[in-house]
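Novice: Dropping a structure here in structure tokens format, bear with me for questions.
Residue numbers (the numbering used here), protein chains in the order written: chain A, 1 to 123; chain B, 124 to 421.
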């Protein structure tokens, strides 16, 4: 019984930790980190246009609503697989301003070619 | 390149071991209209996307491939063979519909007078099921064949949905090339560009650099591919890469618009940007003369 209680407490802590890490906030005041959740589904990213500040670390939390997708942001040499049921975190520090495109690089069906978005880095 | 080719273009391309002609003109390299003794020619068609339905993009989606087949059949001299460089069909999640489209495509191209037809897959044909249906209809995803002194290598960079050739196929390529002289005439046929044409537009092969490195010791290599739905010419060292037009829709030049997407149909210029090409191989010289043809002769 004691073990079960410990397990439940640990599971709850894990759940709330993951939820807190995955929240769609634009900026984490504690760490001065920009945290953005992006949902991938056939055949779009939501949001598909994101804006971040130069020099402040960014964490992208990538989730899939349906099938295996990819995330590729060539300008910052970032890529990740996005699979249903898990959160994929990609961290980087945008070191230059501009607008950069990202796309799904795992072929996901009719409409895959249009599955893209833009990251805008501002001062 | 779609319009008139000028002297500057010809000179630029001369360094690529290729001459490019447009609109089915009869002009040949050096003004010669005679096929040389050691030459032959084949036709490349690409990105036919059979099954696509989008009237604003191509209101003749059911007829364009058939017109192209008729145009090839109407050539004055028939090619030795025809190659289709991928995306034969439009992708679908439905396994049955995928096979129906492949069967319909196969029936249509069986109307070609030329009976030697080489196929390869595009991501629309093979990425969702790792080439299972494609292989049922068209055979191996990668293979080689030889024709009149030219060694052709068909590479699969699509059945992996992450657009990689993969280590196993790379080893197969290395083993095949070991059998070839360093100055052998080699033509690589594939779907995606092997070089990083525009990775942020998905115009690349994940491990394409490794393929090019493997090919590099061979002095006479030309790559013909599709995927980008437009004519394009590029050199990586001494290796020339030539992209072909689509037979369903045209795409804009990389990064010329904010977001990649098909060019809308222009009723004033139907089939603009679509077409196929003849490739004349002059084997001794290791030269390839490319002649672009429209779907309909204007």
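Just so it is clear, CB atoms sit at the ideal spot from N, CA and C, and this is done for glycine as well.
What does residue 109 of chain A reach in chain B if we use C-beta pairs closer than 7 angstroms?
Specialist: The contacting residues are 214, 216, 251.
Novice: Quick check: the Cα distance between residue 313 of chain B and residue 275 of chain B, rounded to an integer number of angstroms?
Specialist: Roughly 10 angstroms between the two C-alpha positions.
Novice: In angstroms, rounded to a whole number, what distance separates the CA positions of residue 160 of chain B and residue 195 of chain B?
Specialist: Taking the straight line from one Cα to the other gives about 23 angstroms.
Novice: CA-CA distance, residue 401 of chain B and residue 412 of chain B?
Specialist: Roughly 8 angstroms between the two C-alpha positions.
Novice: What does the alpha-carbon distance come out to for the pair residue 81 of chain A and residue 112 of chain A?
Specialist: Going from the Cα of residue 81 of chain A to the Cα of residue 112 of chain A covers about 15 angstroms.
Novice: Taking only beta carbons into account, state which residues of the segment 373-406 of chain B come closer than 7 angstroms to chain A, listed in chain order.
Specialist: Answer set for the segment 373-406 of chain B: 382, 383, 384.
Novice: Which residues of chain B have a Cβ atom closer than 8 angstroms to the Cβ of residue 113 of chain A, listed in chain order?
Specialist: Those are 325, 383, 384, listed as they occur along chain B.
Novice: Along chain D, which residues have their Cβ under 9 angstroms away from the Cβ of residue 307 of chain B?
Specialist: No chain D appears in this structure, whose protein chains are A and B.
Novice: Taking 8 angstroms as the cut-off, does the segment 393-407 of chain B touch the segment 363-371 of chain B (at least 3 CB pairs, one atom from each stretch)?
Specialist: Yes, they touch.
Novice: Which residues bound the beta strand (DSSP E) around residue 70 of chain A?
Specialist: From DSSP, the beta strand (DSSP E) with residue 70 of chain A extends over 69-73.
Novice: Hey, which unbroken runs of the beta strand (DSSP E) at 3 residues or more fall wholly within the segment 63-107 of chain A?
Specialist: With a minimum length of 3 residues, the continuous beta strand (DSSP E) runs that stay inside the segment 63-107 of chain A are 69-73, 78-82, 88-92, 98-103.
Novice: With DSSP as the reference, identify every bridge partner of residue 358 of chain B, one or two as the case may be.
Specialist: In DSSP, residue 358 of chain B forms a bridge with B:363.
Novice: Buried or exposed, going by whether 16 or more other CB atoms sit within 10 Å of the CB of residue 301 of chain B?
Specialist: So residue 301 of chain B ends up on the exposed side.
Novice: Looking only at its chain, what residues have a beta carbon closer than 8 angstroms to the beta carbon of residue 56 of chain A, apart from the 5 residues adjacent to it on each side?
Specialist: Counting only Cβ-Cβ distances below 8 angstroms, and skipping sequence neighbours, we find 27, 32, 33, 34, 93, 94.
Novice: Rounded to the nearest angstrom, what separates residue 228 of chain B and residue 259 of chain B at their Cα positions?
Specialist: Roughly 13 angstroms between the two C-alpha positions.
Novice: Would DSSP call residue 177 of chain B helix, strand or coil?
Specialist: Strand.
Novice: Between residue 177 of chain B and residue 247 of chain B, what straight-line distance do the alpha-carbon atoms span, to the nearest angstrom?
Specialist: Looking at the two C-alpha atoms, the distance is approximately 16 angstroms.
Novice: Using 10 angstroms around the beta-carbon of residue 335 of chain B, count the other beta-carbons present and answer buried if the total reaches 16, otherwise exposed.
Specialist: Per the 10 Å Cβ criterion, buried.
Novice: What is the rounded straight-line gap between the Cα of residue 41 of chain A and the Cα of residue 110 of chain A?
Specialist: Cα-Cα distance, rounded: 12 angstroms.
Novice: Buried or exposed: residue 128 of chain B, going by 16 or more other Cβ atoms within 10 Å of its Cβ?
Specialist: With a pLDDT of 39 at residue 128 of chain B, under the threshold of 50, the modelled position of that residue is not reliable, and the figure given next carries that caveat. The residue is buried, with at least 16 neighbouring Cβ atoms inside 10 Å.
Novice: Using a Cβ-Cβ distance under 8 angstroms, would residue 106 of chain A count as near chain B?
Specialist: Closer than 8 angstroms to some Cβ of chain B, the Cβ of residue 106 of chain A qualifies, so yes.
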